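Visitor: For the record, in the sequence shown the residue sitting at position 230 is 246 according to our numbering, with numbers rising by one throughout. A virtual CB, placed ideally from N, CA and C, is assigned to each residue, including glycine. The model shown is predicted, which means the values in this text are computed figures rather than measured ones.
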Amino acid sequence: MPETAGRSTAGAQTLARGLAALREVAASEGGLTVQELAERLDVHRTIAYRMIATLVEAALVSRGEDGRYRGAVGLLELRAAGYEAFKHAAEPVLRDLANELGATASLLVPEQDEAIALLVVSPQAARYHIAFSAGSRHPLDRGAAGHALRAALPQVGPEPDVVSTARAVGYAMTFGEVEPGAWGIAAPVHWGAGERIACVNVITYREDVARDSIESVLACARRIEAAVAVQH
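1) Would you kindly work out how many angstroms separate the C-alpha atoms of Val233 and Ala203, rounded to a whole number?
2) Mapping DSSP to helix, strand and coil, what is Ala160?
3) With DSSP as the reference, label Ala75 as helix, strand or coil.
4) Can you check the region 53–139 for any beta strand (DSSP E) of at least 3 residues that lies completely inside it and give the ranges in chain order?
5) With distances taken from CA atoms, which of Ala101, Pro176 and Gly159 is nearest Ala243?
6) Kindly indicate which three-state DSSP category Ile146 falls into: helix, strand or coil?
7) Exposed or buried, Arg183, counting other C-beta atoms within 10 Å across all chains shown (16 or more means buried)?
8) Judging by CA-CA distance, which residue of His154, Val109, Val77 and Val178 is the nearest neighbour of Leu91?
9) For Arg84, which of Ala214, Val216 and Gly47 has the nearest alpha-carbon?
10) Whether or not the region 162–182 and the region 132–152 are in contact is what I'm after, with contact meaning three or more pairs of Cβ atoms, one per stretch, closer than 8 Å; do they touch?
11) Based on Cα-Cα distance, which residue from Ala226, Asp177, Asn115 and Val216 lies nearest to Arg238?
12) Keeping to the same chain, check which residues put their C-beta closer than 8 Å to that of Leu124; ignore five residues upstream and five downstream.
13) Are His154 and Val185 touching if we call contact CB-CB under 9 Å?
14) For Val178, report the span of its beta strand (DSSP E) as first-last.
15) For Tyr187, is the classification buried or exposed, using 16 other Cβ atoms within 10 angstroms of its Cβ as the cut-off for buried?
16) Could you check if Ala64 is buried or exposed, using at least 16 other CB atoms within 10 Å of its CB as the buried criterion?
17) Taking the alpha carbon of Arg61 as the point to measure from, which residue in Ala69, Thr70, Val50 and Leu71 has its own alpha carbon closest?
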């Protein structure tokens with residue numbers, strides 16, 4: 017029994033180190049050398065090399081011609097799988113919001129300097145509504161969704177007033193910044209142990225719907241966080 021427990025502990029430690037190595041490499045913009053990784057993790061270079069070799073075999077990391085290691089295609093597959101679980105938990109909650117307001121509701125995530133629609137739900141009974149597709153994107157520095165996503169991130173230096181306001185009140189509201197003549201309202205969603213962010217977004221041509229939807233949008237964001245937490 018003690019021997020089994022020892023192997024289990026060692027395996028857990030190896031896994032934890034491997035995940036830490038993957039996070040470091042994936043987060044580095046210019047990639048990392050084995051030595052740099054060893055220094056960041058405070059381990060011997062040989063250990064860092066073994067971890068990198070395992071990640072390369074799994075196609076999660078690749079070595080560039082400059083000798084630096086960067087995230088590889090396997091990370092995209094992991095990200096897609098994570099998003100699928102997130103979408104599955106969020107869709108019924110988002111559908112309730114769209115039907116309640118009679119307006120299109122969506123879930124957006126940040127990718128570099130853009131906000132990307134991960135999920136879009138149209139209201140079932142409304143005769144007129146704004147329609148767009150999952151995969152649609154717009155710059156992160158405009159629109160209610162963009163401002164809400166930026167407000168969910170730690171503040172780094174000066175920021176626009178609209179982002180500071182969204183950070184203070186918990187939501188962003190805009191008019192005509194992405195779709196001419198349309199109102200947008202968005203609230204951040206924290207998921208994946210709070211390490212990932214998204215936002216619930218409602219878009220409508222009616223100002224009264226936008227202003228009356230604040231509490232519903234905030235409640236939807238909290239419901240999605242709770243639904244995702246239950247999944248995990």
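Guide: This is what the structure gives:
1) In the sequence shown, counting from the first residue as 1, residue 233 sits at position 217. In the sequence shown, counting from the first residue as 1, residue 203 sits at position 187. So the alpha carbons of these two residues sit roughly 7 Å apart.
2) Sequence index remark: in the sequence shown, residue 160 carries index 144 (1-based). Residue state, collapsed to three classes: helix.
3) For this step, residue 75 is matched to residue 59 along the sequence shown. DSSP places Ala75 in coil when its eight states are reduced to three.
4) 77–79, 85–87, 120–127 and 130–137
5) Taking the sequence shown and counting its residues from 1, one reaches residue 243 at position 227. Per the Cα distances, Ala101.
6) Along the sequence shown, one-based indexing puts residue 146 at 130. Correct three-state label for Ile146: coil.
7) Locating residue 183 in the sequence shown gives position 167, where the first residue counts as 1. Under this definition Arg183 is a buried residue.
8) Translated into the one-based positions of the sequence shown, residue 91 becomes position 75. Looking at the Cα atoms, Val77 is the closest of the given residues.
9) One-based indexing of the sequence shown puts residue 84 at position 68. Arg84 has its Cα closest to that of Gly47, out of Ala214, Val216 and Gly47.
10) no
11) As a first step, residue 238 is located in the sequence shown; it is residue number 222 there, counting from the start. Among Ala226, Asp177, Asn115 and Val216, the Cα nearest to that of Arg238 belongs to Val216.
12) What you label residue 124 is simply residue 108 of the sequence shown in a count that begins at 1. Closer than 8 Å at the Cβ level, and outside the excluded window around Leu124, lie Ala131, Ile132, Ala133, Leu134, Ala161, Leu165, Ala202, Ala214, Cys215 and Asn217.
13) Here residue 154 corresponds to residue number 138 of the sequence shown, with the count starting at 1. Here residue 185 corresponds to residue number 169 of the sequence shown, with the count starting at 1. For His154 and Val185, no; Cβs fall outside 9 Å.
14) Counting from 1 along the sequence shown, the entry for residue 178 is found at position 162. It is not in any beta strand (DSSP E) - Val178 instead sits in the alpha helix (DSSP H) that spans Asp177 to Val185.
15) Here the question's residue 187 lines up with position 171 in the sequence shown. With 16 or more other Cβ atoms within 10 Å, it is buried.
16) Within the sequence shown, the letter at position 48 stands for residue 64. Ala64 is buried by the Cβ-count criterion.
17) Residue numbering aside, residue 61 sits at position 45 when the sequence shown is read from its first letter. The option with the nearest alpha carbon to Arg61 is Val50.
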